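*Asks:* A single structure is presented below for examination.
Chains as they are written, first to last, in my numbering: chain A, 1 to 255; chain B, 1 to 255.
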């Protein structure tokens, strides 16, 4: 049984302010919750159907602070999804230290003003697939702990450390270390022809505004995904998730 | 002013059944509606703010069957978006003839059971960017005239003819013409190494189920996007939109 206070608290975690105050976030879904538990992330509360609980190994169960077996109707009350799953977890955020030396040894996406949760989740998912371990987000990106972002990553957030910071400071310190900064712009050199190194920052801007003027000054390599049409209608850009996927693929293919 | 009946009718076009009965669909958004008008597609009703109307050339205006200048509040009533735009159009569906000879001269994506509107829209958008003129969808895909699909294409549906048909019949007739069928599967050859022709069908399956067994038998070239991680958590697949974008990019890069 869920108390009224508990229900209220879990629902309040839909709000960024509350998530940040308690350093907690929500993950929904049978598979994603199972993976969170297996990954060793700290689960404060597991809300699930009794059948779901039966499938969790006992050593894993012991690590969970609080387990609340509930009915489907109760899960439904808590869920932000129209068809809720059998499990939901309240998870403690992990603090990642950002070691410039270490993270710039590989490619590292830096996201500027990505506000759509689906796009953000997709980029994290693509990064995970391509074995990218770290990612940087500007302060005006959507909160990576937004339940819609977590959902869209399909669990890939377990593999990618996302550092939120002031992007100009980050790029300026990268510049001092002579880390290349690849910027996706409309008039850059084709990413198919441009030489791509094994390390570097991949700066990805908002699809309608592009990379901000201030950040563009840090770009050392202006690249673009060629467009194969000259139609005037409806082909202005790729979305940030698609563009990121293609660029990660290009780096890894040749890496 | 919008009559009650008009409002009711436009709202009813959110339903597939009604769209199919009247062969009409809805597009929302200042830019997308402007592009639809410019593209020559038949607009039955244009609902917009008077300021928006002022920006439409008079010869374009003359082609619109019915123009309804409304207040923002009225647009809001009709909109499926939380922040509606200044314009909405009721558009007549175009009938595309499917000429096997012609469409199989280039690459042509064939989508099997893609049900997520965002994914469908993204794939059409990527196809548009990469100059792909035709696409085929199985009968169990999400309706391409679903307002969420139209929205996610960002107008690219104006450039890509989507043919909905029985995929096994389509593939079987392609087989007779010896058109290669590339299938994205988990255990195929790396798309980076596999030889890709200038024409062929790219069969894309549902991300959780993959390509159906029946359709797999038509695949001549089993390809895969390599995964660059061996993590056990959260990296099971790319979403269909990302996978399609990367594969289109690979074909065009080498084409």
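We put the beta carbon where it would ideally sit given N, CA and C, even for glycine.
All figures in this text were calculated on a predicted structure; none of them were measured in a lab.
(1) DSSP on residue 120 of chain B, reduced to helix/strand/coil?
(2) Just list the residues that DSSP pairs residue 88 of chain A with in beta bridges.
(3) Run through DSSP, which three-state label would residue 182 of chain B get?
(4) Looking at residue 177 of chain B and residue 134 of chain B, is the spacing between their C-beta atoms short of 8 Å?
(5) Is there a C-beta anywhere in chain B that falls below 8 Å from the one on residue 126 of chain A?
(6) Quick one: grab the DSSP three-state call for residue 202 of chain A.
(7) Identify each residue in the segment 139-166 of chain B for which the Cβ-Cβ distance to at least one residue of chain D is less than 8 Å, and report them in chain order.
(8) Keeping to the same chain, check which residues put their C-beta closer than 8 Å to that of residue 60 of chain B; ignore five residues upstream and five downstream.
(9) Confirm, please, whether the CB-CB distance from residue 112 of chain B to residue 188 of chain B is below 8 Å.
(10) Assign residue 139 of chain B to buried or exposed, taking buried as 16 or more other Cβ atoms, counted over all protein chains shown, within 10 Å of its Cβ.
(11) From the DSSP output, in three-state form, read off residue 171 of chain B for me.
(12) If you draw a straight line from the alpha carbon of residue 90 of chain B to that of residue 116 of chain A, how long is it in whole angstroms?
(13) Where does residue 221 of chain A fall in DSSP's three states?
(14) Answer yes or no: do residue 219 of chain A and residue 179 of chain A have a C-beta to C-beta separation smaller than 8 Å?
(15) Please report whether the beta-carbon of residue 239 of chain A lies at a distance below 8 Å from any beta-carbon of chain B.
(16) Tell me the DSSP bridge mates of residue 134 of chain A?
(17) Would you decide whether residue 249 of chain B is buried or exposed? Buried here means 16 or more other CB atoms lie within 10 Å of its CB.
(18) Against chain A, with Cβ distances strictly below 8 Å, would residue 35 of chain B count as a contact?
(19) When every heavy atom of the ligand HEM is checked, does at least one fall within less than 7 Å of the C-beta of residue 7 of chain B?
(20) Identify, in the order they occur along the chain, each residue of the same chain with its Cβ nearer than 6 Å to the Cβ of residue 255 of chain A, setting aside the five sequence neighbours on each side.
(21) Starting from the Cα of residue 196 of chain B, find the closest Cα among B:174, B:224, B:175, B:208 and give me that residue.
(22) Per the contact definition of three or more C-beta pairs closer than 8 Å, is the segment 57-71 of chain B in contact with the segment 97-106 of chain B?
(23) If I'm right that residue 238 of chain A touches residue 168 of chain A with Cβ under 8 Å, what's the distance once you round it to whole angstroms?
(24) In this structure, does DSSP put residue 256 of chain B in helix, strand or coil?
(25) With 16 other CB atoms within 10 Å as the buried threshold, where does residue 5 of chain A fall?
(26) Just how far apart, CA to CA, sit residue 233 of chain A and residue 64 of chain B?
(27) Identify each residue in the segment 23-52 of chain B for which the Cβ-Cβ distance to at least one residue of chain A is less than 9 Å, and report them in chain order.
(28) Just reading off the beta strand (DSSP E) that residue 75 of chain B is part of, what are its end residues?
(29) For residue 67 of chain B, which of B:74, B:149, B:43 has the nearest alpha-carbon?
(30) For the candidate residues A:50, A:192, A:163, A:31, whose alpha-carbon lies nearest to that of residue 208 of chain B?
*Replies:* Checking against the coordinates, here is how it stands:
(1) helix
(2) A:28, A:47
(3) strand
(4) no
(5) yes
(6) strand
(7) Here the protein chains are A and B, and chain D is not one of them.
(8) 37, 38
(9) no
(10) exposed
(11) helix
(12) 27 Å
(13) strand
(14) no
(15) yes
(16) A:161
(17) buried
(18) yes
(19) Only the bare structure without any ligand can be found here, which leaves the ligand HEM out of the picture.
(20) 198
(21) B:224
(22) no
(23) With a Cβ gap of about 25 Å, residue 238 of chain A and residue 168 of chain A do not count as contacting.
(24) Because chain B is modelled from 1 through 255, residue 256 of chain B falls outside the range shown and cannot be assessed.
(25) exposed
(26) 19 Å
(27) 31, 32, 35, 36, 38, 39
(28) It is not in any beta strand (DSSP E) - residue 75 of chain B instead sits in the alpha helix (DSSP H) that spans 72-78.
(29) B:43
(30) A:31
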